[in-house]
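Chemist:
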Amino acid sequence: MGTPIKTALASFGMSSKVFHGPLLKVNKGFKVVSVLERSREESKDLFPEATIVRDFQTLLDDQEVELVVVNTPDVLHYEMTRAALEAGKHVVVEKPVTQRSDDAEKLIKLARERGVVLTVFQNRRWDADFRTVKKVVEEAKFGRLVEFESHFDRYRTYIAPNTWKEEGDEYMGVLYNLGSHMIDQAYVLFGKPDSVTAHLQIVRTGGTVSDYYDIRLQYKGFAALLKCSYLVKDPGPRYTIHGEYGTFQKYGTDPQEAMLKAGNLPIGGDWGAEDPDFWGTLVYEENGEEVEELVESINGNYSVFYDNVYDVIRNKAKLLVKPEETLEVLKIMEACLLSNREKRTIFL
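When the sequence shown is numbered by our numbering, its final residue is 866 and no position is left out of the sequence of numbers.
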């Protein structure tokens, strides 16, 4: 690996502490040289040699910085990413890339004009469960796909205080938080749907933004059902896939977020390994006989994202998370909002 990419973090909240910070810390292809913290110095624990700056412009004025990670609240993504691109920096922006698709189109055009890299942190493409599901779908032992169902449920009765995620308009809430991951996963598997039908709701007492959705993405011959609720005490399968000749089911969620929150760095051969209790089960017919398989989960590995970013910037490799893909995901999310608002199916 050659010269490390000198990197700046545009904030040091949960996103940096749990995801970007640890991933960059262990990746020899990057050196975090600057961190924006308005009043604290919490980043010193991970990056003692980095300069702490108090405003974004100071970060952008630093000619040493090559890559900026924009991991601020969603409402700030467009302006901060635009400013970083105009300053000639490569940018990794948290999902969703912007709140509105027309703004995302402007950023993609600007990055192309400036000759810099723009990508979006869709890390859950490298969840253990999703990597395994992708393999199961590609192998298609269950035959012709009939229905794909994905859940990302939580049990959180309270409204978290002092967080931007719990307040705002329809562009806030669980659709633009967890939904941006789930729709991205469906897009990776199946591409653009023919139509979208979505129902959003506030289910927690005292809530002000949606914390529940039920989304139907209709494709030719099958549907992808994406569901999320913050009031699921005893969750069912994370994934259920029905085919003409069989069914795949999988419980549990990828362990990486919990491992990172516990303070573990993403290193070692067992990183992202799921407990065998959560491996999926595939039941299908073959030559008139019923076959039941325990499907070992592929290890989760968020580090693939930054490995690719390095290869793109230094070695002109192809992006794994193309901004054009995240634009399409954003348009599907906007169709969800329109479907919920007008109580109808939206044809794309």
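Ideal placement from N, C-alpha and C gives every residue a C-beta, glycine not left out.
Where DSSP assigns a beta bridge to Lys768, which residues make up the other side?
Modeler: Answer is Tyr757.
Chemist: In this structure, how does DSSP classify Phe928 when only helix, strand and coil are distinguished?
Modeler: Residue 928 is absent from the structure shown; the chain starts at 519 and stops at 866.
Chemist: May I ask which residues mark the beginning and end of the beta strand (DSSP E) holding Ser747?
Modeler: Segment Phe740 to Ser747, the beta strand (DSSP E) holding Ser747.
Chemist: Alpha carbon to alpha carbon, what distance is there between Asn782 and Pro794?
Modeler: Straight-line Cα distance between these residues: approximately 20 Å.
Chemist: Starting from the C-beta of Ala716, find all residues in its chain whose C-beta is less than 6 Å away, skip the five residues before and the five after it, and write them out in chain order.
Modeler: These residues qualify, in order along the chain: Ile733, Cys854, Ser857 and Asn858.
Chemist: For Glu846 versus His760, is the C-beta spacing smaller than 7 Å?
Modeler: For Glu846 and His760, no; Cβs fall outside 7 Å.
Chemist: Gly798 lies in the beta strand (DSSP E); which residues open and close that run?
Modeler: Counting along the chain, the beta strand (DSSP E) containing Gly798 begins and ends at Gly798 to Glu804.
Chemist: Taking Ile785 as the reference, which of Ser533, Ala528, Leu541 and Phe530 has the closest Cα?
Modeler: That would be Leu541, whose Cα lies nearest to the Cα of Ile785.
Chemist: Thinking C-alpha only, which one of Ser529, Arg672, Leu800 and Asn833 is nearest Tyr763?
Modeler: Comparing Cα-Cα distances from Tyr763 to each of Ser529, Arg672, Leu800 and Asn833, the minimum goes to Leu800.
Chemist: Going residue by residue through the region 560 to 629, where are the continuous alpha helix (DSSP H) segments of at least 4 residues, counting only ones entirely within it?
Modeler: The region 560 to 629 contains these whole alpha helix (DSSP H) runs: 574 to 579 and 595 to 604.
Chemist: For Thr715, list the residues DSSP reports as bridge partners.
Modeler: Per DSSP, Arg734.
Chemist: Within 10 Å of its beta-carbon, does Tyr730 have 16 or more other beta-carbons around it, so buried, or fewer, so exposed?
Modeler: By the 10 Å Cβ count, Tyr730 comes out buried.
Chemist: Is the beta carbon of Tyr769 closer than 7 Å to that of Lys756?
Modeler: The sequence given here has Arg at residue 756, not Lys. Yes, these two residues count as a Cβ contact at 7 Å.
Chemist: Less than 7 Å between the beta carbons of Gly790 and Val813, yes or no?
Modeler: Cβ atoms of Gly790 and Val813: not closer than 7 Å.
Chemist: Between which two residues does the beta strand (DSSP E) harbouring Glu667 extend?
Modeler: Segment Leu663 to His669, the beta strand (DSSP E) holding Glu667.
Chemist: Taking the beta carbon of Phe865 as the centre, do at least 16 other beta carbons fall within 10 Å, making it buried, or is it exposed?
Modeler: Looking at its Cβ environment, which holds fewer than 16 other Cβ atoms inside 10 Å, Phe865 is exposed.
Chemist: List the DSSP bridge partners of Glu811.
Modeler: Paired residue(s): Leu800.
Chemist: Helix, strand or coil: which one does DSSP assign to Val849?
Modeler: In the sequence under discussion, the amino acid at residue 849 is Lys, which differs from the Val named in the question. Correct three-state label for Lys849: helix.
Chemist: So Leu578 and Val553 are in contact, right, with Cβ under 8 Å, and what is the actual spacing, rounded?
Modeler: Going by Cβ atoms, the distance from Leu578 to Val553 rounds to 14 Å, so no, they are not a contact pair.
Chemist: Taking just the CA atoms, how far does Val651 sit from Val809?
Modeler: Using only the alpha carbons, I get a separation of about 18 Å.
Chemist: So the beta strand (DSSP E) Leu554 belongs to, where does it begin and stop?
Modeler: Unbroken beta strand (DSSP E) run through Leu554: Phe548 to Leu554.
Chemist: Return the bridge partner residues of Val638 from the DSSP annotation.
Modeler: Answer is Val611.
Chemist: If you follow the beta strand (DSSP E) that Ala526 is part of, which residue opens it and which one closes it?
Modeler: Note, Ala526: beta strand (DSSP E), Ile523 to Leu527.
Chemist: Flag this pair as yes or no: are the beta carbons of Asp607 and Val586 separated by less than 7 Å?
Modeler: First, the amino acid is wrong: residue 607 is Lys here, not Asp. Yes, Cβ-Cβ distance for Lys607 and Val586 is below 7 Å.
Chemist: Can you tell me which of the three DSSP states Ile785 falls into?
Modeler: DSSP places Ile785 in coil when its eight states are reduced to three.
Chemist: Have a look at the DSSP bridge pairing and note the partners of Ile720.
Modeler: BP columns for Ile720 are empty, so no partner.
Chemist: Compare the Cα-Cα distances from Ser815 to each of Glu631, Ser821 and Pro773 and report the closest residue.
Modeler: Taking only the C-alpha atoms, the option nearest Ser815 is Pro773.
Chemist: What are the start and end residues of the alpha helix (DSSP H) that includes Ile831?
Modeler: First-last of the alpha helix (DSSP H) with Ile831: Ser821 to Asn833.
Chemist: In three-state terms, what does DSSP make of Ile701?
Modeler: Residue state, collapsed to three classes: helix.
Chemist: Would Thr588 pass as a contact of Thr576 if the rule is Cβ separation under 7 Å?
Modeler: Strictly speaking, residue 588 in this sequence is Val, with Thr absent from that position. For Val588 and Thr576, no; Cβs fall outside 7 Å.
Chemist: Could you give the DSSP three-state label for Phe865: helix, strand or coil?
Modeler: Note: Phe865 maps to strand in three-state DSSP.
Chemist: What is the rounded straight-line gap between the Cα of Ser534 and the Cα of Ala658?
Modeler: Spanning the two alpha carbons is a distance of roughly 37 Å.
Chemist: Any idea which residues DSSP pairs Tyr673 with across the strands?
Modeler: In the DSSP output, where bridge partners are listed per residue, Tyr673 has Leu749.
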